[in-house]
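>
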Amino acid sequence: MPDKTVNKKIGRPTALVPIVVEKLEEALRWGATIEQACAHAKIDRGTYHNHTKKDETFSTRMQYARNYVNLKAKHNVGVAIDEGDLNTSKWQLEKTEYNKPQQANVQVNIANILQKEKEEFNLDE
Numbered sequence: 191m192p193d194k195t196v197n198k199k200i201g202r203p204t205a206l207v208p209i210v211v212e213k214l215e216e217a218l219r220w221g222a223t224i225e226q227a228c229a230h231a232k233i234d235r236g237t238y239h240n241h242t243k244k245d246e247t248f249s250t251r252m253q254y255a256r257n258y259v260n261l262k263a264k265h266n267v268g269v270a271i272d273e274g275d276l277n278t279s280k281w282q283l284e285k286t287e288y289n290k291p292q293q294a295n296v297q298v299n300i301a302n303i304l305q306k307e308k309e310e311f312n313l314d315e
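The numbering of the sequence shown is my numbering, which starts it at 191 and goes up by one.
(1) Can we say the region 276-284 touches the region 235-243, given the rule of at least three CB pairs closer than 8 angstroms?
(2) For the putative contact between A205 and L218, defined by C-beta atoms under 8 angstroms, what is the C-beta separation to the nearest angstrom?
(3) Roughly how many angstroms separate the alpha carbons of H230 and G236, rounded to a whole number?
(4) Excluding the 5 residues preceding and the 5 following I271 in the sequence, name in chain order all residues of the same chain whose CB lies nearer than 8 angstroms to its CB.
(5) Any C-beta of chain D sitting closer than 8 angstroms to the C-beta of K232?
(6) Using alpha carbons as the reference points, say which of A301, P208 and K308 lies closest to R251.
(7) Consult DSSP for G274 and reduce its assignment to one of helix, strand or coil.
(8) Measure the C-alpha to C-alpha separation of V210 and I233 and round it to an integer number of angstroms.
(9) Return yes when the Cβ of G221 is within less than 8 angstroms of the Cβ of V259, no when it is not.
(10) Assuming L214 is part of the alpha helix (DSSP H), what are its boundary residues?
Structure representation (structure tokens):
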């Protein structure tokens, strides 16, 4: 009798089938949060996080998807500036060059405040 070996995987099948991965990637490319992307793909957030820890390729793919929306926005700004859009050019300069944190210098003369308090409550006596 020939030796029959059956190659069966034991355990629960993965929830991250290709269509689910595509839905995750799609939502992340739109700028969705991980929680929103998981809801869109109908998987648990824990499943997503567990898989990113186990599978470096999956993790990298999701990271690229997460970065896409910001990169695309920057590309659009660059294209608008290249096309001579003055408003976009001004906006870009305001956001990057002229938006330095401002420091407020406030001086309080506490002696005057204390003197007024003393006079009000007759504390000189």
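Heads up, the beta-carbon is just placed ideally off N, CA and C, and yes, glycines get one too.
On the basis of the data shown:
(1) no
(2) Incorrect: roughly 17 angstroms between the Cβ atoms, too far for contact.
(3) 15 angstroms
(4) T278, S279 and Q282
(5) This model lacks chain D altogether, as it is built from one protein chain only.
(6) P208
(7) coil
(8) 8 angstroms
(9) yes
(10) P208 to W220
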